[in-house]
Structures are given as structure tokens and as C-alpha cells.
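Taken in order, these protein sequences are the chains called A and B.
Just remember that the numbering used here sits 127 ahead of the position in the first sequence, which is counted from 1.
Just remember that the numbering used here sits 293 ahead of the position in the second sequence, which is counted from 1.
Glycine included, each C-beta is placed from N, C-alpha and C at the ideal position.
These figures come from a predicted structure and were not determined experimentally.
Reading through the C-alpha cells given below for one structure.
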Amino acid sequence: MGLSARARYSRGQFAGQALVLPAVLLVLVGLVLPVGATLSATFGAPGGPLSAYDAFFASGFRRTVLLRTVSVALTVTTIAVVLGFCTAYVVSRAPGWLKSILIIAAVFPLLTGVVVRSFAWLVILGKNGILNDALMGLGLIEQPLSLLYTPGAVVVAMVYLFVPLMILTLVGVLDAIPDELIQASASLGASPMATFTQVILPLAVPGLIVGAVLVFTGSFTAYATPQLLGGEQVMMMGTLMYQQAMVTFDWVSASTIAAIMMVVTLGIVAVMNSAARRLNPMAS
Amino acid sequence: MPTRLHPALIGVAGLVFVFFVGPLVIVLGAALSDTTYLTFPPQGLSLRWFENIFAIDAFRRTMLTSLQVAFLSTFLALMIGIPAAYAMSRHRVHLPGCLSTLFVLPVLVPELVVGFSLLKNVAFQLHAPIFLSLVIGHTILILPYAIRVVSASLAQFDFSIEEAAISLGSPRLKTFFTVLLPNIRSGIIAAFILAFITSINDVSISIFLTGPGLSTLPIQLLAHMEQFFDPTVASVSVLLMGLTVVVMAVVERTLGLTFLAK
């Protein structure tokens, strides 16, 4: 063949690098450069490099939207962590056939689009929706309640959106906990509650953190759910960004919202990643 | 022996699953109702709202666009993702460590930011056709799925089979197509179907890259919901849920659904 081992090796290296090149180019040209341009544009506003951010934080309305988005995302995350953990624990301890059914029941909503899942809550919470019909039928209320376009409606629909994600993340983590560990804890005299809080919970912390990050960033940057169930009354960062970009055509303002979203999302991911590493009892 | 679970815990889990399934059952019921308004339980059974989907021109058109975008971007993501996953899983190839970070960026950067940036800096500044920008956006969105699923099946592949073929004189490229690809076929099918459904369901990237002339099904659904409150949207939702069932069946046959719980 005439090719030395070294030449063959370096040809292999070259081929390997050529194989990843299209993917690298796609992410650079379609994501890194356009998003970078959006971010850098926020510093080029006529009033000085930070004037776009000053304008954002000077507006009481926009500050309210930011605070509301943080509080909705935190509420959703807290509820999703509690419900998701309890459910994932039951799923991971369920017998084989039941476990498969439960996983199917969790995957199904996850693979069903966000529009369909938000629409379901529109049907339930609407003025003539199922909940109001039921409450009036039972004679509990006289007039239909205004349930839509409230923070509560957005929170409920988002919990619905994200709990399956939390469960699937945690089932994998809980399944990885060896049964022997739980049996050892029980045989050493720990009550089931103590085993749960002192053995299982600490081992699940890294999974809880990953799940919580997914839920928080997902709710913080959501668009369809706040748009449908919150509307103008419960504007969130995503809907505000869309409104600035496509209704008022203030692209500097939309870019500023995009930058704030990026900082919050990437900041949370970075902080939680290092927390997950430090809190992992299996590591080190 | 399975550990005993506290009844309250089982109760919570039961309620959570009712909470999962209930709203989707309600949508199904609403779609079958014979009334002109959304209601549950359905009053009279009829399929007329399913017929109405195809009578509304906007739904027909956007469904077609959604399918085109999904097929095209899934195809592109696989064409780009399979070679990348292959190169990364071969341990003798040295690649810069930042690659894995680069390939999770589409997951980390909020979709709304990606969509808006493509609109502002690619479609407007570079005058790229909006359809092309939409396909780029979707390809980027699903590339991490394609790479992750294909990598997972490459991790199961015994590379000594490939080396055996090559040392027996089979050319590298031929080996790739006749030895490697058939062995990771199930992973590729799963990657295709997961990428496809992700593209079909996308809102946050598409919302900026659609308009009166060009729109996708979820965006059209959102617009329809804000104006009308008839069961047509419920019928389209049921169609999309049918697609989910197909996707789940394919994933179960290829990767196994438990793959998604990892």
C-alpha cells in the first residue's frame, strides 16, 4: 500500500475532522453567528453601550414582566420537582408491566406538541369550559369564574407541560440506585421514611437538579403557553419578546429581552451544573 | 423484593397520571362532539370537524408546509449528524473537546432567541428566503437529537467488525454503507422519527419565521385558537396525537421507550 502507519493515521485524523465539519458549520452559521449578532446589537444602541438595558430596567412594565416570569418559572419548577419526584419514585419501584405503562403515559404528553397540550387547558379553564360547567352544575358558583388569562392558568398548564420531563429524568436516576443499598438501609433498621429521606433523596439530588434546570429554563423561555393561557394580561418574557419583535417592530428591545433570557438561562445552567457536581454523593 | 411504598405516595402518583391523561381525553372528546362549540363530554358523536380540517385552506396549506419542513430538516440533520456522531464515537480520531459543547448549544440557547436571530440576521440582513431560514432553524433544533440517538446506537456497535471488513480489503466508504449503517439502522430510524416529531411540533423557532405567506401547522393552530373556539382545533390536535402514537410505536420497536428516560 505504500502508506506508512503514520500517514494512514493522519489521514484518518483528517477524515474524522472532515466528518464533523458540516455539523460545526451548521451550528456556527445558523446559531453562533446570528445569536452573537443579536447580542452584540444590544450594545450598539445610540444612547451608549448599556442604554438598551437601562431602557429595559427603567420601564416598570418590563421589570414586572421579568419578575413575573421568574416567579412563574420558580413556582412551576417547585411544583414539578415535588410531583415529579414522588411520581418517579413510584414508577421506578413499580412492577415491570405497570412501569412500562406508566412510562408510556409520561412519554405520550411529552411527544405531543405544546400547542395541543396548552389547548387542552383552554378547553378546561375557558369561560364556558369544563371546570366552570362542572362547578356551576354542582351549584358551587353562580357565575362562571375567569380562570383564563391568570398566572394560575399559566402555572397549571406549564406544570402539565413539564412534569413528564421531570419524571423521565428522575426515573433514569432512581433506577440507577442499586436495590441492595435500599435493602441494606432497611436491614440496618431504617424506617421506609428514613430510607427515603436519607438514602434515596440524596442520591437523586443530581437528577433533581438536572430536571429542575430543564423545567426552569423551559418555563422561563416559553412562548405558546403564556400566549394562549396568559395573553396580554399575564405577559411573560417570551410573549413580550415576540410582541416587541413582531408587533411594535422594536428590534433593539427584542434583542435586549433575548440577551436577558440568554444570561438567565445560561447562568442557571452553569450554577446548577457546578452545584450538581458538588452535591453528588457518588462522586469523589 | 420490591420496597413497600407509602399509600400517600401511590395516591399522588395516581393523581399525576390522571392529570397527564385527562386533558388529552377531553381534547379527544371535544373533537368528536357534534356541536359548533367546544364542549366535553361530547354531545352527539360526529366526525364532521375532522372533515372541516381539510375544508379550511389554511390548515391544508400549513400541514403541507410542516411536512415539507420536517422531512427536509430531518433529512439534513441526519446527513450532517450521522457522520459527526460516527467521527466522535471513533476513539482514535482526536477532535477538539469543545465540540460536545458546540453541539449542545441548540439545546441551551432558548429557541425563541434562535428563531428571532435567524429572522433578524439571516432572513432580513442576508436576504435569505424565509423558507430556507425556517429549515435551517429546524435542522439546528433537531441536530442534537440526531447526534445523541445515533451516538447511543454507535456505542452499542462493535467497531472490530468494521476493522475486520477493512482489513479484509473492503474500502472505507463501502464499509460505512454496507457494514456500519445496517448495524445502527434502528438508531437511525429512531433518530429520524424523534427529529421529525420535534420539527412538526415546534412553535418557538417557527413563530418568528412564519407569516401570512408561509406558516406551519402549530403556528396556524395558535392563530386559529385566538379567533375561533370551534372543535376544528381539537380535531387537528387528535390527528397530531395519532402521529404521537405512531412515533411511540416506532421508538418502542427501535430504541425502546425507556431510552427516553435516561
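CA nearest to the CA of residue i, picked from the options
i, options, result
"B:Ala542", "A:Leu194, A:Leu258, A:Pro176, A:Ser227", "A:Ser227"
"A:Ile206", "A:Val342, A:Gly394, A:Leu356, A:Ala385", "A:Val342"
"A:Met368", "B:Glu404, B:Ile486, B:Arg465", "B:Glu404"
"A:Ile304", "A:Phe246, A:Gly365, A:Gly334", "A:Gly334"
"B:Ser393", "B:Ile303, B:Lys413, B:Leu461, B:Tyr438", "B:Tyr438"
"A:Ile395", "A:Val337, A:Asp377, A:Gly358, A:Trp378", "A:Val337"
"B:Phe415", "A:Thr375, A:Pro353, A:Phe376, A:Val159", "In the sequence under discussion, the amino acid at residue 415 of chain B is Val, which differs from the Phe named in the question. It is A:Val159."
"A:Gly358", "B:Ala527, B:Val526, B:Met518", "B:Met518"
"B:Gly535", "A:Pro236, A:Thr344, A:Thr277", "A:Pro236"
"A:Ala331", "A:Gly264, A:Pro173, A:Ser167, A:Leu301", "A:Leu301"
"B:Pro376", "B:Thr358, B:Val443, B:Ile319, B:Val402", "B:Val443"
"A:Ala182", "A:Leu265, A:Thr392, A:Ile387", "A:Ile387"
"B:Pro511", "B:Leu360, B:Glu344, B:Phe522", "B:Leu360"
"A:Val151", "B:Thr551, B:Leu388, B:Ser497", "B:Leu388"
"B:Phe409", "A:Gly143, A:Gly157, A:Pro271", "A:Gly157"
"A:Val208", "A:Thr375, A:Leu297, A:Gly316", "A:Leu297"
"B:Pro300", "A:Cys213, A:Val398, A:Arg405, A:Ser401", "A:Cys213"
"B:Asn345", "B:Thr509, B:Val526, B:Val544", "B:Val526"
Neighbouring residues, chain A, relative to residue i (Cβ below 7 Å)
i, result
"B:Ile303", "Val217"
"B:Tyr438", "What B:Tyr438 touches in chain A: nothing, since even the nearest Cβ is about 12 Å away."
"B:Arg383", "Gly143"
"B:Ser497", "Tyr350"
Residue i: contacting residues in chain A (beta-carbon distance under 9 Å)
i, result
"B:Ala457", "None at all; the shortest Cβ gap to chain A is about 17 Å."
"B:His299", "Pro319, Met320, Phe323"
"B:Phe333", "Val250, Ile251, Gly256, Ile257, Asp260"
"B:Ile433", "Leu153, Val154, Gly157, Leu158"
Residues near residue i in its chain [Cβ-Cβ closer than 8 Å; skip 5 each side]
i, result
"B:Gly390", "none"
"A:Leu249", "Gly256, Leu275, Leu355, Leu356"
"A:Ala145", "none"
"A:Thr322", "Ile309, Ser312, Ala313"
"B:Val428", "Val362, Leu365, Ser366, Leu369"
"B:Leu507", "Thr358, Ile423, Phe424, Leu427"
Whether residue i touches residue j by CB criterion (8 Å)
i, j, result
"A:Val282", "A:Thr202", "yes"
"A:Met362", "A:Val199", "no"
"B:Val540", "B:Ile486", "yes"
"B:Val529", "B:Phe352", "yes"
"B:Ala324", "B:Trp342", "yes"
"B:Val407", "B:Gly430", "yes"
"B:Leu436", "B:Gly374", "yes"
"B:Phe489", "B:Ala363", "yes"
"A:Arg195", "A:Pro319", "no"
"B:Ile482", "B:Thr547", "yes"
"A:Thr324", "A:Tyr180", "no"
"A:Leu210", "B:Val309", "yes"
"A:Leu288", "A:Val243", "no"
"A:Ala247", "B:Leu317", "yes"
"B:Leu411", "A:Thr392", "no"
"B:Val320", "B:Val496", "no"
Partners in chain B for residue i, counting only beta-carbon separations shorter than 7 Å
i, result
"A:Ile251", "Pro316, Ile319"
Proximal residues to residue i (C-beta, below 6 Å), its chain only, five neighbours per side dropped
i, result
"B:Met294", "Summary for B:Met294: the model assigns pLDDT 39, below 50, so the residue's position carries little reliability; its value from the coordinates is reported in the next sentence. For B:Met294, where only same-chain residues beyond five positions count, there are no Cβ hits under 6 Å."
"B:Ser446", "Ile477, Gly480"
"B:Ile433", "Pro399"
"B:Pro524", "Ala323, Ala324, Ser326, Leu331, Trp342"
"A:Ser411", "Note on A:Ser411: pLDDT 41, under 50, position unreliable in the model; the coordinate value appears next. Counting only Cβ-Cβ distances below 6 Å, and skipping sequence neighbours, we find nothing."
Chain B contact residues for residue i, given Cβ-Cβ distances below 9 Å
i, result
"A:Val290", "Val309, Phe312, Phe313"
"A:Phe235", "Phe313, Val314, Leu317, Met534, Thr537, Val538, Met541"
Sequence-distant residues of its chain with Cβ nearer than 7 Å to residue i (five each side left out)
i, result
"A:Ala233", "Pro291, Ile294, Leu295"
"A:Leu258", "Ile251, Leu252, Leu274"
"A:Met128", "Any reading at A:Met128 needs caution, since the residue's pLDDT is 45, under 50, leaving its predicted position unreliable; the model's value is listed next. Cβ neighbours of A:Met128 beyond the five flanking positions: none."
"A:Gly365", "Thr348, Ala349, Tyr350, Pro353"
"B:Thr367", "Ile435, Phe485, Ala488, Phe489, Ser492"
"A:Leu192", "Sequence check: residue 192 of chain A is Val here, not Leu. Same-chain partners within the cutoff: Met362, Met363, Met364, Leu367."
"A:Ala403", "Pro333, Ile336, Val337"
Neighbour list for residue i in chain B, Cβ cutoff strictly below 8 Å
i, result
"A:Ala385", "Pro403, Leu405, Val406, Phe409, Ser410"
"A:Thr214", "Val305, Ala306, Val309, Phe310"
"A:Met389", "Val402, Pro403, Val406"
"A:Phe246", "Val320, Leu514, Met518, Val526, Ala527, Ser530"
Neighbour list for residue i in chain A, Cβ cutoff strictly below 8 Å
i, result
"B:Pro376", "Leu146, Val147, Pro149, Ala150"
"B:Asn476", "Chain A residues near B:Asn476: none, gap ~17 Å exceeds 8 Å."
Distance cut-off 7 Å: residue i Cβ against heavy atoms of the ligand GDP
i, result
"B:Ile486", "Ligands in the displayed structure: none, and consequently the ligand GDP is not present."
Exercise for the section: Jot down the residue ranges of each uninterrupted alpha helix (DSSP H) in the stretch 287-324 of chain A, minimum 4 residues, whole runs only, in chain order. Expected result: 306-314, 319-322
Exercise for the section: Could I get the ranges of all uninterrupted beta strand (DSSP E) runs contained in the stretch 167-197 of chain A, with 3 residues as the minimum, in chain order? Expected result: none
Problem - Every unbroken beta strand (DSSP E) within the stretch 326-414 of chain B, with a cutoff of 3 residues, ordered by chain - result: none
Practice task
Could you tell me which uninterrupted alpha helix (DSSP H) segments, each at least 4 residues in length, are contained entirely in the stretch 485-553 of chain B, listed from first to last along the chain?
Solution key: 510-520, 525-547
Problem - Runs of beta strand (DSSP E) wholly within the stretch 415-479 of chain B (minimum 3 residues, chain order) - result: none
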